[in-house]
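According to full-length UniProt numbering, the residues represented by the sequence shown are 1 to 405, in order. Ideal Cβ positions, reconstructed from N, Cα and C, are used throughout, including at glycine.
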Amino acid sequence: AEMSVWLKDGEVLEGEGSWQTSPCSLRQRSHMVGRGANLQGPSPSSEGKRLQQDCMSKAEELFSLCDKEAKGFITKRDMQVPKELVAQQVLDWLPQFLYVCGCKRLQGELPLTPEQLESVFESLDRERNGFLTPAEFHTGLGGWMCVCMWELVGMEECDEVRRMDPADVRFTQLLMKLGADKLFRHQSELFSLWCGLQRDRPDLMSVLEHVLSHAVALVQDYQRERDSLEQTLRRREDDHDKMVRSLYEDLENQIKEEREKQDFDKKYNGIGGGGGGDDDDDDLMKESTRQGDKREQLLQELRTREQELEFTLTKQRELESKIAALGHEQVEACRQNQKLQCTNSELREQLEQSREELDRALQHLRFLQDMLALQHRRKQRDVLKVSSNMQKERESLNRQLELLR
Numbered sequence: 001a002e003m004s005v006w007l008k009d010g011e012v013l014e015g016e017g018s019w020q021t022s023p024c025s026l027r028q029r030s031h032m033v034g035r036g037a038n039l040q041g042p043s044p045s046s047e048g049k050r051l052q053q054d055c056m057s058k059a060e061e062l063f064s065l066c067d068k069e070a071k072g073f074i075t076k077r078d079m080q081v082p083k084e085l086v087a088q089q090v091l092d093w094l095p096q097f098l099y100v101c102g103c104k105r106l107q108g109e110l111p112l113t114p115e116q117l118e119s120v121f122e123s124l125d126r127e128r129n130g131f132l133t134p135a136e137f138h139t140g141l142g143g144w145m146c147v148c149m150w151e152l153v154g155m156e157e158c159d160e161v162r163r164m165d166p167a168d169v170r171f172t173q174l175l176m177k178l179g180a181d182k183l184f185r186h187q188s189e190l191f192s193l194w195c196g197l198q199r200d201r202p203d204l205m206s207v208l209e210h211v212l213s214h215a216v217a218l219v220q221d222y223q224r225e226r227d228s229l230e231q232t233l234r235r236r237e238d239d240h241d242k243m244v245r246s247l248y249e250d251l252e253n254q255i256k257e258e259r260e261k262q263d264f265d266k267k268y269n270g271i272g273g274g275g276g277g278d279d280d281d282d283d284l285m286k287e288s289t290r291q292g293d294k295r296e297q298l299l300q301e302l303r304t305r306e307q308e309l310e311f312t313l314t315k316q317r318e319l320e321s322k323i324a325a326l327g328h329e330q331v332e333a334c335r336q337n338q339k340l341q342c343t344n345s346e347l348r349e350q351l352e353q354s355r356e357e358l359d360r361a362l363q364h365l366r367f368l369q370d371m372l373a374l375q376h377r378r379k380q381r382d383v384l385k386v387s388s389n390m391q392k393e394r395e396s397l398n399r400q401l402e403l404l405r
């Protein structure tokens, strides 16, 4: 089975190279091609898109031409690793394209020198594992294609890029800082969440960055584990193929030797008579038994190897399922974060309303307390006044009573 698939239309992988580029950085260009919906300017022109599609089509043809056995990857049997890296020279458009796409099987079909062809595998095989998958082939090719497309459509596209939304630039820088600019294919939901937090809750930006960093670390760990398992699987497949070929060769040699021995014994018995025929038959029977036992042992070892290979394939499928589940969990986590953000906004609004109502209630309470205090003071003054009047009347009545006496 193929270890990876070809890129879909419109996807450009980021690559490395030593040729000259225009002022806009290659990383920003590849990111903008993948996330063109977030730009403030127009998308790349139809001419640039057509060029990109032509480059991808040419890359598929060249890879298919190299991979004549349809293995899904190119090994060292298909391309030769040079002893030292040959410096990449600045070439014209067509030679440069052919240089990036070249391989040993194309030496007779493309006008390139052997040194240029040998330096291609060294530049593309950055992991030094001795083989190239279609994705790695595109990775090495994507950088040059992106540069070529943007240079052909003109410097106006770069001016459009310079007028990007500052929020999009900061978001891109954040993903590049975390190493997640290549992991997330659909970044619109994550970008909307990032903008919402930056606008409403800047204090939660560190939490989002921590969550993204943790998710990126998990995905990278799974990818490294998957790559390691794929390499182990390929090595076991090669070892299994070698072992099977060796077993079949041993079986064929044993069968051939047994037939030659039987022919020789028949011929010898026919010439020498029947005197020692019984002993020869016994020896032949013992030899056949030994050969059968050895053949059975080899077949049992072959079945064991096949079981190990099946177990490895099962582990690979389980790992791929885990990676897919992790991707779904990341999408669900983004949705839950958005939902929690909306709930948090609603709760904040309710809290503000409750605070306003509480302030109004406190103001009304203070007003009532002031009114009660005023009424209490008035009553006290009235009581004092009434008491004073009553005292005066009492004194007046006492004087009148004394006069009457």
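Assignment of PHE131 by DSSP, reduced to helix, strand and coil, places it in the strand class. With contacts defined as CB atoms closer than 9 Å, ALA333 and VAL207 fail to qualify as a contacting pair.
VAL216 is positioned such that its CB atom lies no closer than 9 Å to that of ARG305.
If you draw a 10 Å sphere on the C-beta of ASP67, you find 16 or more other C-beta atoms in it, and that means buried. Fewer than three pairs of CB atoms, one per stretch, sit closer than 8 Å, so the stretch 229-247 makes no contact with the stretch 363-381.
With respect to the C-alpha of THR133, the residue from ALA70, LEU175 and LEU218 having the closest C-alpha is ALA70. Counting the other Cβ atoms within 10 Å of the Cβ of ASN337 gives 16 or more, which makes it buried. Contact check for PHE73 against PHE131 passes: the beta carbons are separated by less than 9 Å. A direct Cα-Cα distance of roughly 34 Å separates MET390 from PHE367. The alpha-carbon separation between LEU190 and GLY196 amounts to approximately 10 Å. The beta-bridge partner set that DSSP reports for ILE74 consists of LEU132.
In this structure, VAL219 lies near GLN330, with their beta-carbon atoms less than 9 Å apart.
Distance from the CA of GLU310 to the CA of ARG303, rounded to the nearest whole angstrom, comes to 10 Å. In this structure, DSSP gives ARG290 a helical state, which the three-state scheme calls helix.
Counting C-beta pairs with one atom in each stretch, the stretch 243-258 and the stretch 340-359 have fewer than three that are closer than 8 Å, which means they do not touch. Per DSSP, reduced to three states, the secondary structure at ASP359 is helical.
The Cβ-Cβ distance between ARG236 and GLU308 falls below 9 Å. Counting only residues of its own chain and dropping the five nearest sequence neighbours on each side, ILE323 has a CB closer than 8 Å to the CB of VAL219, TYR222, GLN223 and ARG226.
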